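**Q** Before we start, here is the structure in question, set down as structure tokens.
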Amino acid sequence: MVEKRINEILEILKKANYEYYVLDNPTLTDQEYDRYMQELTKLELEHPELSSEDSPTKRVGGEVVSSFKKVVHEKPMLSLGNVFNETDINNFDERIKKEVKPEYVCELKIDGLAVSLLYEKGKLVRGATRGDGVTGEDITHNVRTIKSVPLVLTEPVDIEVRGEIYMPKSSFEKLNEERRKNGEDVLANPRNAAAGSVRQLDSKIAASRGLACFIYHLPNPEDYNIKTHFEALQFMKKLGFVVNPNIRLVKNIDEVLEYIDEWTKKRPNLPYEIDGIVIKVNDIKMQQILGFTTKYPKWATAYKFPATEVLTKLKDVIFTVGRTGQVTPNAVLEPVRLAGSIISRATLHNEDYCLNKNIKIGDIVSIRKAGDVIPEVVEVKKERRDGSEKKFKMTSICPICHSKLVKKDKSYYCVNEECDKKNIENLLHFVERDAMFIEGFGDAIVEDFYNLGYLKICVDYYELYKHKEKIMELEGFGEKKISNLLNSIEKSKNNSLERLLFGLGIRYVGSKTAKILASYYGNIDNLIKASYEDLIKIHDIGEVIGNSVLEYFKNQDNLLIIEKLKQHGINMDYLGKKTSNKFSSKTFVLTGSLEKLTRNEAKEKIESLGGNVSGSVSKKTSYVVVGKDPGSKYDEALKLGIEIWNEEEFLKNL
Numbered sequence: 000m001v002e003k004r005i006n007e008i009l010e011i012l013k014k015a016n017y018e019y020y021v022l023d024n025p026t027l028t029d030q031e032y033d034r035y036m037q038e039l040t041k042l043e044l045e046h047p048e049l050s051s052e053d054s055p056t057k058r059v060g061g062e063v064v065s066s067f068k069k070v071v072h073e074k075p076m077l078s079l080g081n082v083f084n085e086t087d088i089n090n091f092d093e094r095i096k097k098e099v100k101p102e103y104v105c106e107l108k109i110d111g112l113a114v115s116l117l118y119e120k121g122k123l124v125r126g127a128t129r130g131d132g133v134t135g136e137d138i139t140h141n142v143r144t145i146k147s148v149p150l151v152l153t154e155p156v157d158i159e160v161r162g163e164i165y166m167p168k169s170s171f172e173k174l175n176e177e178r179r180k181n182g183e184d185v186l187a188n189p190r191n192a193a194a195g196s197v198r199q200l201d202s203k204i205a206a207s208r209g210l211a212c213f214i215y216h217l218p219n220p221e222d223y224n225i226k227t228h229f230e231a232l233q234f235m236k237k238l239g240f241v242v243n244p245n246i247r248l249v250k251n252i253d254e255v256l257e258y259i260d261e262w263t264k265k266r267p268n269l270p271y272e273i274d275g276i277v278i279k280v281n282d283i284k285m286q287q288i289l290g291f292t293t294k295y296p297k298w299a300t301a302y303k304f305p306a307t308e309v310l311t312k313l314k315d316v317i318f319t320v321g322r323t324g325q326v327t328p329n330a331v332l333e334p335v336r337l338a339g340s341i342i343s344r345a346t347l348h349n350e351d352y353c354l355n356k357n358i359k360i361g362d363i364v365s366i367r368k369a370g371d372v373i374p375e376v377v378e379v380k381k382e383r384r385d386g387s388e389k390k391f392k393m394t395s396i397c398p399i400c401h402s403k404l405v406k407k408d409k410s411y412y413c414v415n416e417e418c419d420k421k422n423i424e425n426l427l428h429f430v431e432r433d434a435m436f437i438e439g440f441g442d443a444i445v446e447d448f449y450n451l452g453y454l455k456i457c458v459d460y461y462e463l464y465k466h467k468e469k470i471m472e473l474e475g476f477g478e479k480k481i482s483n484l485l486n487s488i489e490k491s492k493n494n495s496l497e498r499l500l501f502g503l504g505i506r507y508v509g510s511k512t513a514k515i516l517a518s519y520y521g522n523i524d525n526l527i528k529a530s531y532e533d534l535i536k537i538h539d540i541g542e543v544i545g546n547s548v549l550e551y552f553k554n555q556d557n558l559l560i561i562e563k564l565k566q567h568g569i570n571m572d573y574l575g576k577k578t579s580n581k582f583s584s585k586t587f588v589l590t591g592s593l594e595k596l597t598r599n600e601a602k603e604k605i606e607s608l609g610g611n612v613s614g615s616v617s618k619k620t621s622y623v624v625v626g627k628d629p630g631s632k633y634d635e636a637l638k639l640g641i642e643i644w645n646e647e648e649f650l651k652n653l
């Protein structure tokens, strides 16, 4: 009789959970649900032999693991590529339409952490994090505590699904309130809070955090005879998974843009954080045709929301030193939440920026996250001043080495070659992802090696093997870790020239400019010999960059570094496709629909020949390429007397 009653209650609660989390249409009241839970808990305590792993009473947590086991994903859990504006979205659409005729599914991009859930015969057997996409961590004990994750499905199927674990805003506020009361630091954002919660060894902690989960991906739809992504979402919902209710099937990119506009406005009112919109090709066969890059599916992308702004108090100004020696004023802020993070610092760029905005210590200021990454002060609320504010004053000495600063253009620089901060920043820049991409060298390691004298300039990375025995004596440095560092250093010797040029830290030479120079000159010796006149002929290399490159290669210390890098076997040649300069210094504008090329392909061809593509017509425009149904750009070109090419003429000139 007891076993029968337990099974009856399990079925009632299973149905109630499905109605509440999946259908959003509960038929049991909270009081009724609680009564059934209390009865079930009592029966299981009295008859532990009848308690099952998939009982909802297990969600309170209690399981403690000693460590997180590694999980190898059957199919990689790839991240998504990003788009940031309407042009990017249209380019994505054009690339897709080149291969297939798509309809899209739009989804809210939940700001949490990705999870893989594995079920056998309808029962949850494993939950795992994404990790590096190939190998994640087993977090099953914590996943079981999340009420919106079904422990048993409505059908006894073997299935893997993927989704996002997140912390609702209400749970986040409650957690931080508890931390404040306990004298603990508050957590920065719900995403970090969710990630930290599922990485607890004690499942009681995760159970107390009020986590939730949306499911959005079925890795093996063909196993269930499913033809479209939208159909997969409905299938997963029927099995008992919580699928976000705001998903929409759309016919074209215009409807995608409408969806983005709608949810950009509704975003603040959602009970959870979102950081963008996911756009997916609906048809599974089309997805298979489009395929994958090494990092992303080609059939999906994520639109990232633009920066947002908030008001806070500017409490002080401090100064930091960058790799070029530039000393930047930074605002110390009253901590404020912005775009999912707690912000307590923001850049003030330079002295002129502060003076032009009349920034004072004590001001109420508007903060924006530029590109959702670097916070900056964008406006002073002068009407909020009460007279207690203090005038801003730019420092005249380096905050690190105390050398006198030198003003160049609008900024102040520390010119002391022995400045520790400047040298450490240069060493970190050299190993960056877009530079030599030497993995394993984070801030702490580089700073420690610098202070120990193992690293002073970039060449020293390639002589680090000489210190292997001494490094092994340091805490946390075993044979395997040092071997990984040295292997990464060795691998970097085969990089293409543009990575080295960017890593050298030549002023005004970013990764894009480095590639232009590497492609144009082919090897570093040709670049070193280049004249000013030759440099400024290259598209996008103006007087400022030209002078900076010349100045860098006139410096004998820099030439000595390059010579030493050569001796260590670092590649000095451009390994990519050589750029022609046929369209050098020419600016193109594209208008109308092209038949033989997409706009993106036309743009790539122009740029490969040294040209530039602009979005608007001006007196500086060299040619306007006109396809079918041209817009106002065609009329503007006629007015300004700019040369117009049809598609055929354009192709002939390539």
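The opening position of the sequence shown corresponds to residue 0 in numbering that gives the first Met the number 0, with each subsequent residue numbered one higher. The beta-carbon is built from N, C-alpha and C at its ideal position, and this holds for glycine as well. Being a predicted model, the structure only gives us computed values, none of them experimental.
What first and last residue would you give for the alpha helix (DSSP H) that runs through residue 283?
**A** Residue mapping note: residue 283 aligns to position 284 of the sequence shown, counting from 1. Per DSSP, residue 283 belongs to the alpha helix (DSSP H) from 283-289.
**Q** Apart from the five residues just before and just after residue 262, which ones in its own chain have a Cβ nearer than 8 Å to its Cβ?
**A** Sequence index remark: in the sequence shown, residue 262 carries index 263 (1-based). Excluding residues within five positions, the ones whose Cβ falls inside 8 Å are 107, 245, 273 and 276.
**Q** Mind pulling the beta strand (DSSP E) runs of 3 or more residues that sit fully within the region 364-409?
**A** List check, beta strand (DSSP E) in window: 373-379 and 404-407.
**Q** So, at 7 Å on beta carbons, what are the nonlocal neighbours of residue 619 in its own chain, with the 5 sequence-adjacent residues on each side left out?
**A** Residue numbering aside, residue 619 sits at position 620 when the sequence shown is read from its first letter. Hits under 7 Å: 586.
**Q** Say the cut is 8 Å; is the CB of residue 543 nearer than that to a heavy atom of the ligand PLP?
**A** For the structure depicted, the ligand PLP is absent and the ligand set is empty, with no information on it obtainable.
**Q** Quick check on DSSP: helix, strand or coil for residue 507?
**A** Taking the first residue of the sequence shown as 1, we reach residue 507 at position 508. It is coil, neither helix nor strand.
**Q** Which residues does DSSP pair with residue 315 in a beta bridge?
**A** For the purposes of this step, residue 315 is identified with residue 316 of the sequence shown, where counting begins at 1. Bridge partners of residue 315: 331.
**Q** Have a look at 638, 629, 598 and 41 and flag the residue whose alpha-carbon is nearest the alpha-carbon of residue 650.
**A** As a working mapping, residue 650 is identified with position 651 in the sequence shown. Nearest option by C-alpha distance: 598.
**Q** Can you round the beta-carbon distance between residue 311 and residue 333 to whole angstroms, since I take them to be within the 8 Å contact cut?
**A** Working through the sequence shown from its first residue, we reach residue 311 at position 312. Working through the sequence shown from its first residue, we reach residue 333 at position 334. Correct: roughly 5 Å between the Cβ atoms.
**Q** Hey, residue 169 and residue 121: beta-carbon distance below 9 Å or not?
**A** Residue 169 sits at position 170 when you count from the first residue of the sequence shown. Residue 121 sits at position 122 when you count from the first residue of the sequence shown. Against a cut-off of 9 Å, the Cβ pair of residue 121 and residue 169 comes out as no contact.
**Q** Over the uninterrupted beta strand (DSSP E) stretch that includes residue 274, give me the two end residues.
**A** Mapped onto the sequence shown, residue 274 falls at position 275. Residue 274 -> beta strand (DSSP E) spans 273-280.
**Q** Which residue wins for smallest C-alpha separation from residue 446, given the options 536, 460, 461 and 427?
**A** As a first step, residue 446 is located in the sequence shown; it is residue number 447 there, counting from the start. Residue 446 has its Cα closest to that of 427, out of 536, 460, 461 and 427.
**Q** Would you kindly report the start and end of the unbroken beta strand (DSSP E) that includes residue 46?
**A** Here residue 46 refers to the residue found at position 47 of the sequence shown. Premise fails: residue 46 is in no beta strand (DSSP E) and is neither H nor E.
**Q** If we call anything under 9 Å between Cβ atoms a contact, is residue 402 one with residue 415?
**A** The residue labelled residue 402 in the question sits at position 403 within the sequence shown. The residue labelled residue 415 in the question sits at position 416 within the sequence shown. Cβ atoms of residue 402 and residue 415: closer than 9 Å.
**Q** Hey, out of 525, 568 and 565, whose CA is closest to residue 549's CA?
**A** Position 550 of the sequence shown, counted from the start, is the residue given in the question as residue 549. Of 525, 568 and 565, the residue nearest in Cα terms is 525.
**Q** Can you find the residues in the same chain that come closer than 6 Å, C-beta to C-beta, to residue 53, ignoring five residues on each side of it along the sequence?
**A** Within the sequence shown, the letter at position 54 stands for residue 53. Hits under 6 Å: 122, 150 and 151.
**Q** Grab the span of the alpha helix (DSSP H) containing residue 547 for me, first residue to last.
**A** Against the sequence shown, residue 547 aligns to sequence position 548. Taken as a continuous stretch (DSSP letters only), the alpha helix (DSSP H) holding residue 547 covers 542-553.
**Q** Excluding sequence positions up to five away, which residues of its chain have a Cβ less than 8 Å from the Cβ of residue 295?
**A** Mapped onto the sequence shown, residue 295 falls at position 296. So the list reads 77, 78, 79 and 80, once near-sequence residues are dropped.
**Q** Given this structure, state the Cα-to-Cα distance separating residue 89 from residue 301, to the nearest angstrom.
**A** Locating residue 89 in the sequence shown gives position 90, where the first residue counts as 1. Locating residue 301 in the sequence shown gives position 302, where the first residue counts as 1. Straight-line Cα distance between these residues: approximately 13 Å.
**Q** Do you know offhand how far residue 283's Cα is from residue 13's?
**A** The sequence position of residue 283 within the sequence shown is 284, counting from 1. The sequence position of residue 13 within the sequence shown is 14, counting from 1. Between residue 283 and residue 13, the C-alpha separation is close to 31 Å.
**Q** Which class does residue 495 belong to by DSSP, given the choice of helix, strand or coil?
**A** Walking along the sequence shown from the start, residue 495 turns up at place 496. Note: residue 495 maps to coil in three-state DSSP.
**Q** Return the chain-ordered list of same chain residues with a C-beta closer than 6 Å to the C-beta of residue 430, the five sequence neighbours on each side being excluded.
**A** Reading the sequence shown from its first residue, position 431 is the one you call residue 430. Taken in chain order, the residues that qualify are 437 and 440.
**Q** Measuring CB to CB, does residue 328 end up less than 9 Å from residue 393?
**A** As a first step, residue 328 is located in the sequence shown; it is residue number 329 there, counting from the start. As a first step, residue 393 is located in the sequence shown; it is residue number 394 there, counting from the start. Against a cut-off of 9 Å, the Cβ pair of residue 393 and residue 328 comes out as a contact.
**Q** What are the start and end residues of the beta strand (DSSP E) that includes residue 124?
**A** Indexing the sequence shown from 1 puts residue 124 at position 125. Run containing residue 124: 122-128, per the beta strand (DSSP E) assignment.
**Q** Between residue 96 and residue 73, what straight-line distance do the alpha-carbon atoms span, to the nearest angstrom?
**A** On the sequence shown, position 97 is the one that residue 96 refers to. On the sequence shown, position 74 is the one that residue 73 refers to. Straight-line Cα distance between these residues: approximately 30 Å.
**Q** What span of residues does the beta strand (DSSP E) with residue 135 cover, start to end?
**A** Translated into the one-based positions of the sequence shown, residue 135 becomes position 136. Residue 135 -> beta strand (DSSP E) spans 134-136.
**Q** Hey, residue 450 and residue 570 are a contact pair by Cβ (cut 8 Å); roughly how many whole angstroms apart?
**A** One-based indexing of the sequence shown puts residue 450 at position 451. One-based indexing of the sequence shown puts residue 570 at position 571. Residue 450 to residue 570, Cβ: 30 Å. No contact.
**Q** Can residue 563 and residue 458 be called in contact, C-beta distance under 9 Å?
**A** Counting from 1 along the sequence shown, the entry for residue 563 is found at position 564. Counting from 1 along the sequence shown, the entry for residue 458 is found at position 459. Contact flag set, yes.
**Q** Check whether the region 172-183 touches the region 140-147, counting contact only when three or more Cβ pairs, one atom from each stretch, lie closer than 8 Å.
**A** At 8 Å Cβ cutoff, the stretches do not touch.
**Q** What distance in whole Å lies between the Cβ atoms of residue 397 and residue 326, which are believed to be in contact at a cut-off of 8 Å?
**A** On the sequence shown, position 327 is the one that residue 326 refers to. On the sequence shown, position 398 is the one that residue 397 refers to. Confirmed, about 6 Å.
**Q** State the beta-bridge partners of residue 644 as determined by DSSP.
**A** Within the sequence shown, numbered from 1, the residue matching residue 644 stands at position 645. Residue 644 is bridged to 624.
**Q** My understanding is that residue 471 touches residue 462, with C-beta atoms under 8 Å, so please give their C-beta distance in whole angstroms.
**A** For the purposes of this step, residue 471 is identified with residue 472 of the sequence shown, where counting begins at 1. For the purposes of this step, residue 462 is identified with residue 463 of the sequence shown, where counting begins at 1. 16 Å between Cβ atoms; not a contact.
**Q** Put residue 343 into one of helix, strand or coil per three-state DSSP.
**A** Here residue 343 refers to the residue found at position 344 when the sequence shown is read from its first residue. Residue 343 falls in the strand class under three-state DSSP.
**Q** Check whether the Cβ atoms of residue 167 and residue 194 lie closer than 9 Å to each other.
**A** For the purposes of this step, residue 167 is taken as residue 168 along the sequence shown, with counting starting at 1. For the purposes of this step, residue 194 is taken as residue 195 along the sequence shown, with counting starting at 1. Annotated as distal: residue 167 and residue 194, with beta-carbon spacing of 9 Å or more.
**Q** Rounded to whole angstroms, how far is the Cβ of residue 104 from the Cβ of residue 281, which I believe are closer than 8 Å?
**A** Looking up residue 104 in the sequence shown gives position 105. Looking up residue 281 in the sequence shown gives position 282. Rounded, the Cβ-Cβ distance is 5 Å, consistent with contact.
**Q** Can you name, in chain order, every residue of its own chain whose Cβ lies under 8 Å from the Cβ of residue 270, other than the five neighbours on each side?
**A** Counting from 1 along the sequence shown, the entry for residue 270 is found at position 271. A distance below 8 Å between beta-carbons, with the five flanking residues on each side excluded, links residue 270 to the following residues of its chain, in chain order: 167, 168 and 169.
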